[in-house]
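Residue numbers (UniProt numbering): 1 to 93. Positions of the beta carbon are idealized from the N, C-alpha and C atoms, including for glycine. To start, the structure under review is shown below, and the notes come after it.
Okay, structure coming up:
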């Protein structure tokens, strides 16, 4: 992470398989993604944690949800499910 930051290159961490098994805090990643179904949450749920300094162009345009990064109706039930799955996985780790 330090080398990419020094070079001015954002670090993306594909943590789809790691979530629930390894600690993700403190990775130094600028962008990190996980998939909910790998933790027991519904398929189609996921997390894209992106630091504010990382430029991201939206694929969908419209209402400007998610700070203008993704428009569309937010899946509140899915968000609660993946949050619960992460909490349970962390408690078991």
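Just to confirm the assignment, what range does the alpha helix (DSSP H) spanning residue i have?
i          : result
residue 78 : 76–92
Considering only residues of the same chain and omitting the five flanking positions on each side of residue i, which have a CB-CB separation below 6 Å?
i          : result
residue 29 : 11 and 13
residue 15 : 24, 32 and 34
residue 1  : 11 and 28
residue 47 : 34
Quick one: give me the first and last residue of the beta strand (DSSP E) that residue i is part of.
i          : result
residue 48 : 46–50
residue 96 : In the structure as shown, the chain starts at 1 and stops at 93, and residue 96 therefore has no counterpart that could be examined.
Using DSSP with H/G/I as helix, E/B as strand and the rest coil, what is residue i?
i          : result
residue 37 : helix
residue 2  : helix
residue 31 : strand
residue 7  : helix
Using C-beta distances below 8 Å, list every residue in its chain close to residue i, excluding the 5 sequence neighbours before and after it, in chain order.
i          : result
residue 78 : 36, 41, 42, 44 and 45
residue 54 : 10, 30 and 31
residue 81 : 36, 41, 42 and 45
residue 3  : none
Under the assumption that residue i contacts residue j (Cβ atoms under 8 Å), give the Cβ distance between them as a whole number of angstroms.
i          : j          : result
residue 20 : residue 89 : 3 Å
residue 86 : residue 70 : With 8 Å as the limit, residue 86 and residue 70 do not qualify as a contact, their Cβ atoms being about 20 Å apart.
residue 65 : residue 57 : So it is not a contact: roughly 15 Å between Cβ atoms.
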